[in-house]
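Visitor: Before I ask anything, let me first share the structure, which is written out below as structure tokens.
Residue numbers (this note's numbering): 993 to 2042.
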């Protein structure tokens, strides 16, 4: 057997184990001299004192896929007694030239416990030795530190919370970075000493909190995950010797690993092993590409080449790792986390017309090797990149001419250049001339007197912040449908909000896509009482159609649309007080519309920003046109679609397109704060958050004037106190008048939805003397003094019950008041009593007070809770909707089976479709499939006799004799998560609707026997007919269903 085959065999045996560690593996060799070489002073010498340490970098964003704009580098080493950690945080605001050092937050000083360290720019260290991993998943040694070396910390139970005080910590700042160095005795992390075995298999992570860009970044890949969950951390081993090299990672956040890069290392001994590079597509079906070669680590500081390869277009994850064989075992001792990449990431190619006239080229302040020919490649880093060119002699020395091409095949419009005026030492605008269609750009200094010139330009990479709709990497849009996404200009590396800057977003679109609109928020005092005396906000953004551009690589022509504003950066004193307000003011919603013939078409959407005419390298996302929507709007059942991203939308065409698509999907109500476009023509109702507080939106009752007249009415913060509200008749007189004003502010509103998920002592509550007196009288409490602390210790159950009953009384009165004003009043809450103490809501109390127009149920519950909740709803004449959520805190997935499951639980009442990023075409299709079935068989769901049948010997049988145990029937009919397949049958007026449900995360195949059918039954979606005499073999995808209908037999 060859060495390659032997190593491949070993690799295959260990591959599964290696892949389990998708968040990184690294080994830290022991360095006996670390303690004498490393000085803990906050001044990191990465190649000197930390030269033998493992170096980690390429931090990724916590909340979305991608590398952090501001990168962090960490060094780790140990000497078997002490763990040494150094961390350097790149900080653009600390560059002297940026003149933005005031943006850097380092206000909290050591010993100041009045404020939280994470309010500053800060970094966390999270460590879990093996013994801690036996505790709950949140137990860990946690420390956070800022640039002043102020710390906070937590330790596992039984250990010293202030464990960092046992070590040494120092911090410092430099040009474009801040840093911390720390040293901790290893005994700090153990109760009774430790052995070499105790230093193996730690889980750990570094988290960076950057305040200027509001970034949270992580060494381990925790994109979209809870950063407290240690299951996603990296694995670290502190080796007892120096047999393995210390890997010194290089920055690949700009796609460098797609080109050969030299991975640095420090090796005390020679080691022969194997290197593996892996890429895997994000989109299904996943495509995997692997490459391997022998890796030899020579003694000393050295480097070895690494590269991953990717052949297809699109988005993918990649990683590499090293293995070697020891005592017959394959050991993976280093593995990077999963890194995201795209086929449009890579070098920028520059072609020079007269390369002989070029004396020197600098890129990002580094002098590049002399030109070997007329073409060169640049690897930009994230953010701003500076290219400067010096000419040397020749007739054309006062000008340069170049062509550009990015990795995606697009030209880079470098239309803004400067030249150095030698007379006054200043950079002045150069003349730039484009030469279409050849693609050449000529850059010249005015006049020809000077033969030697220096030119410079700026280009950006990966600075655009876009929140895309949907969950898929490849965007899907329905034919004749619309989608929308957010562009966030102030969430980038560019200080765009200076008054001398203009920002544009250019979209490159296939011919079958158009832009329906682009809008920032519109807010004024006529619709928002809180802003009655403040300057109104109007739409900042304009749209301009540009000339088509051609991709130089694949020949595809794109239509260009530029979205810009000549008002961007103008002062809005009421809004520009803090970053979050600026973000809300300038966040731009952009709508895309697919043509009627888009089904089956595919392509890419390109996008890049231009800042003061300085361009970003275009990036691309795949886009697919899929079939048009064929949903149906039910007559009684309610399907409410979350369209909150269109709230305060300043583009009427975009909003109309969104409502038209919601109608085509079969929804009957939209959740949006809309005061511009009537929803009735689309056969839609309109709902939004209702509150009684400071008048922060059109559909809120503005309680500020009432608070001034009735101080007891004001509860926690600016919310109304329900205890006072229920006892002050004049408060209801005020609310009656306020509802008139609310109708005028929001004329298209049909339903007021109170989202009620509040803790016992906040929001619609207070602990004033008057409130506590009422509470004490009702529950016979005589203890004094009575306050929140006493209640929490002795009377919390009574207090929660008090809160719930006060809510129920208020809900009844609000429903009656809303009905007098031709409005519905509804509540979003949980039907499960298990959440009563957390959210201060009891559905039974509300139902006993007479119920609501609608109740929107969220969360997870079982059949027993569902049966009680539905009976209460029926007795109180309250319509029920259940909620499908897709969000970071409660991701229930998004498929037709999950939507149908919620519809069945609501007994055909309806579903709240809640998705905060915006729906894509595939999501709309799943919704449309359910609404069509719901509309065509509405009476079956609402009036039919429901039965459930389990699987018996691989067969789902619908017969007169139901042998399924009652417990299983109730689970299939009433659990939010039954986690088993089953058959639900509705009988009505001599006919039946049978739904074969697969409530599992794997495809399911079964035989279907509909024995109560009279001869023929058919597929409710395709209309294909089947004979009842034969069993039908069906395959049901994960979280999906198949529906059949027919006539009942004898």
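For every residue, glycine included, the Cβ atom is placed at its ideal position computed from N, Cα and C. These figures come from a predicted structure and were not determined experimentally.
Just to confirm before moving on: does the CB-CB distance between residue 1659 and residue 1923 stay below 8 Å?
Guide: Their beta carbons are under 8 Å apart, which means residue 1659 touches residue 1923 by this criterion.
Visitor: Given a cut-off of 8 Å, decide if residue 1252 and residue 1299 are closer than it, judged by their beta-carbon atoms.
Guide: Yes; because the gap between Cβ atoms is below 8 Å, this pair is in contact.
Visitor: Determine, using beta-carbon pairs with one atom in the stretch 1050-1064 and one in the stretch 1177-1196, whether at least three such pairs fall under 8 Å.
Guide: Touching, no, given that fewer than three Cβ pairs across the two stretches are closer than 8 Å.
Visitor: Can you confirm whether the stretch 1620-1630 touches the stretch 1900-1908 when touching is taken to mean that 3 or more C-beta pairs between the two stretches lie within less than 8 Å?
Guide: Yes: the two stretches touch, three or more of their Cβ pairs being nearer than 8 Å.
Visitor: Measure from the alpha carbon of residue 2015 to the alpha carbon of each residue in 2005, 2038, 1691, then state which is nearest.
Guide: Answer by Cα proximity: 2038.
Visitor: Helix or strand or just coil, what does DSSP make of residue 1101?
Guide: Reduced to three states, the DSSP call for residue 1101 is coil.
Visitor: Less than 8 Å between the CB atoms is what I'm expecting for residue 1081 and residue 1170, so what's the real figure, rounded?
Guide: Residue 1081 to residue 1170, Cβ: 5 Å. Contact.
Visitor: Is residue 1153 helix, strand or coil by DSSP?
Guide: DSSP places residue 1153 in coil when its eight states are reduced to three.
Visitor: Distance, Cα to Cα, residue 1103 vs residue 1758?
Guide: Taking the straight line from one Cα to the other gives about 34 Å.
Visitor: Under the rule that 16 or more other beta-carbon atoms within 10 Å means buried, what is residue 1826, buried or exposed?
Guide: The residue in question, residue 1826, is exposed, as its Cβ has fewer than 16 Cβ neighbours within 10 Å.
Visitor: With a threshold of 16 other CB atoms inside 10 Å of the CB of residue 1989, please say whether the residue is buried or exposed.
Guide: Buried.
Visitor: Have a look at residue 1652 and residue 1674 and give me their C-alpha separation to the nearest angstrom.
Guide: Taking the straight line from one Cα to the other gives about 7 Å.
Visitor: If I follow the unbroken alpha helix (DSSP H) through residue 1915, where does it start and stop?
Guide: Residues 1913-1928.
Visitor: Could you say which of 1867, 1857, 1049, 1848 lies nearest to residue 1874 if we only look at CA atoms?
Guide: The residue with the shortest Cα to Cα distance from residue 1874 is 1848.
Visitor: Looking only at its own chain, which residues have a Cβ that is under 6 Å from the Cβ of residue 1710, when we skip the five neighbours before and after it?
Guide: Within the same chain, residue 1710 has close Cβ partners 1685, 1686.
Visitor: Tell me, please, which residues DSSP counts as bridged to residue 1116.
Guide: Residue 1116 pairs with 1136, 1199.
Visitor: Along the chain, where does the alpha helix (DSSP H) containing residue 1456 start, and where does it finish?
Guide: Unbroken run through residue 1456: none, as it is neither H nor E.
Visitor: Return yes when the Cβ of residue 1770 is within less than 8 Å of the Cβ of residue 1787, no when it is not.
Guide: No.
Visitor: Would you please state the rounded distance, in angstroms, between the beta carbons of residue 1837 and residue 1797? I believe it to be under 8 Å.
Guide: The pair is a contact, with the Cβ atoms about 5 Å apart (cut-off 8 Å).
Visitor: Which class does residue 1682 belong to by DSSP, given the choice of helix, strand or coil?
Guide: DSSP places residue 1682 in coil when its eight states are reduced to three.
Visitor: Starting from residue 1891, trace the alpha helix (DSSP H) both ways and give me its first and last residue.
Guide: Run containing residue 1891: 1888-1897, per the alpha helix (DSSP H) assignment.
Visitor: Considering residue 1163, what are the terminal residues of the alpha helix (DSSP H) in which it resides?
Guide: It is not in any alpha helix (DSSP H) - residue 1163 instead sits in the beta strand (DSSP E) that spans 1160-1166.
Visitor: Consider the C-beta atom of residue 1016 and the heavy atoms of the ligand MN; say whether any pair is separated by less than 7 Å.
Guide: Judged by which ligands are present, the structure shown has none, so any question about the ligand MN falls away.
Visitor: Measuring straight from C-alpha to C-alpha, what distance separates residue 1882 and residue 1225?
Guide: For residue 1882, the predicted model reports a pLDDT of 40, less than 50, meaning its position is unreliable and no value from the coordinates is stated.
Visitor: Which runs of the alpha helix (DSSP H) at least 4 residues long sit entirely within the stretch 1929-2012? Give them in chain order.
Guide: The qualifying runs are 1930-1935, 1958-1966.
Visitor: Counting only the same chain and skipping the five closest in sequence on each side, list residues whose C-beta sits under 6 Å from that of residue 1536.
Guide: So the list reads 1554, once near-sequence residues are dropped.
Visitor: Near residue 1387, which residues of its chain fall below 6 Å by C-beta distance, leaving aside the five closest residues on each side in sequence?
Guide: Because residue 1387 carries a pLDDT of 49, less than 50, the predicted location of this residue cannot be relied on, and no value is offered for it.
Visitor: Counting along the chain, where does the beta strand (DSSP E) carrying residue 1411 start and finish?
Guide: Residues 1409-1413.
Visitor: Based on the DSSP secondary-structure assignment, which residues constitute the bridge partners of residue 1418?
Guide: Note: residue 1418 sits in a beta bridge opposite 1413.
Visitor: So is residue 1657 buried or exposed if we call it buried at 16+ other beta carbons inside 10 Å?
Guide: Burial call: buried.
Visitor: Any idea which residues DSSP pairs residue 1382 with across the strands?
Guide: BP columns for residue 1382 point to 1352, 1446.
Visitor: Please list the segments of the alpha helix (DSSP H) lying wholly inside the stretch 1726-1781, counting only runs of 4 or more residues, in order along the chain.
Guide: Complete alpha helix (DSSP H) runs here, min 4: 1761-1771.
Visitor: Go ahead and pull the three-state DSSP assignment for residue 1095.
Guide: DSSP places residue 1095 in helix when its eight states are reduced to three.
Visitor: Which residues share a DSSP beta bridge with residue 1595?
Guide: BP columns for residue 1595 point to 1615.
Visitor: Work out the CA separation of residue 2000 and residue 1947 for me, nearest whole Å.
Guide: Cα to Cα, residue 1947 sits roughly 6 Å from residue 2000.
Visitor: In three-state DSSP terms, what is residue 1328?
Guide: The answer is coil: DSSP assigns residue 1328 none of H, G, I, E or B.
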